[in-house]
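Residue numbers 0 to 188, in numbering that gives the first Met the number 0, belong to the letters of the sequence shown in order.
All C-beta atoms, glycine included, are put in the ideal place defined by N, C-alpha and C.
Since the structure comes first, as structure tokens, the remarks are kept for the end.
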Amino acid sequence: MKVNILVWLIILTACVLFILFYIENQNLEFEPQDEDLVENGELPEELHPIVEEKKDQLVEKAEDQGISIIITEGFRTAERQDELYQQGRSEEGDIVTYAEGGESYHNYGLAIDFALQNENGRAIWDMNYDGNDNGESDWMEVVEIAKKLGFEWGGDWTRFKDYPHLQMDFGLSIYELKRGKRPDDPASD
Ligand SMILES: [Zn+2]
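If you want it as structure tokens, here you go:
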């Protein structure tokens, strides 16, 4: 009788292992499909040409209003995004992003971050700073210019306000970008 139970246990274990193995292989079969999609739109390694151009215009137009700005971030790799995501979570510091690798427009070359520069050339993130002395916040003046150039401002977000952040999504969601969709590249026409 004891031997019988042992045999059944072995058969049962074998069945469970087989099922687990089967599920594992099923999952693997789905992966090539994902790769196909990513292949349709390779990850960029720099800012999208239009974003690059608008970034330069932003710096120039701000300068015209007596405001000196620097671009502190542009294109960002998914690895760098993952590192930033750990800040304030598994790593020390304040939370700076809610986006993991592949979930930020920076990862697709579609976002930039800016900061103001004071008279000593130091980057400042003071939204009340009025270096050109016109009674208006320099920061908001830059945001106004950016919006006219077609940027969306992270300070308008409701969930997590990202005041230095400017992006152009070209009508594409992060979900679509992750699935390999890309905005048109004017240089490739
Ligand atoms: Zn940003």
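Ranking V2, G130, R181, Y97 by CA distance to the CA of T157 puts Y97 first. Residue pairing from DSSP leaves D184 without any beta-bridge partner. Ligand 1 has a heavy atom closer than 6 Å to the beta-carbon of H164. The segment 52-59 and the segment 142-154 touch, with three or more beta-carbon pairs separated by less than 8 Å.
With a beta-carbon spacing of about 11 Å, I70 and Q116 fall beyond the 8 Å limit used to define contacts.
Buried is the label assigned to W138, since at least 16 other Cβ atoms lie within 10 Å of its Cβ. In the three-state reduction of the DSSP assignment, T12 falls in the helix class. According to the DSSP assignment, D137 belongs to the alpha helix (DSSP H) that extends over 137-147. Taking the Cα positions, P48 is about 7 Å away from P185.
With contacts defined as CB atoms closer than 7 Å, Y128 and Q166 fail to qualify as a contacting pair. Along the length of the segment 88-133, whole beta strand (DSSP E) runs at least 3 residues long occupy 110-116, reported in chain order.
By the CB criterion at 7 Å, N106 and Q86 fall outside the cutoff. In the DSSP assignment, I173 falls within the alpha helix (DSSP H) that extends over 173-177. Counting along the chain, the unbroken beta strand (DSSP E) around E72 starts and ends at 68-72.
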